[in-house]
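Read through the structure below, which is laid out as structure tokens, and then see the notes.
Residue numbers (our numbering): -15 to 69.
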């Protein structure tokens, strides 16, 4: 539901852009309810630093991605960490 107290959202992070005057609901701010509503009860949202800042122009809140760990050297293969994340 909609947040009715300012202190409930102060210091939180929005899940995406918001307009002035927009009603903030439990799924508009990052938190366990957002992950659950998007991907199920065991879902989590975690920050992943991206080396290439240009990727931020491609990814949007709600996008589904696969996460791959880069190989540590040329002899090691990349490792699939998560799918449909």
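Think of the CB as a built atom: it goes at the ideal place given N, C-alpha and C, for glycine as much as any other residue.
Extent of the continuous beta strand (DSSP E) to which residue i belongs
i	result
residue 64	63 to 66
residue 102	Since the first residue of the chain shown is -15 and the last is 69, residue 102 is not available in this structure.
Contact under 9 Å by Cβ, residue i with residue j
i	j	result
residue 9	residue 24	no
residue 70	residue -10	Here the chain comprises residues numbered -15 to 69, so residue 70 is not present and cannot be evaluated.
residue 62	residue 49	no
Cβ distance (whole Å) where residue i is taken to contact residue j below 8 Å
i	j	result
residue 13	residue -4	4 Å
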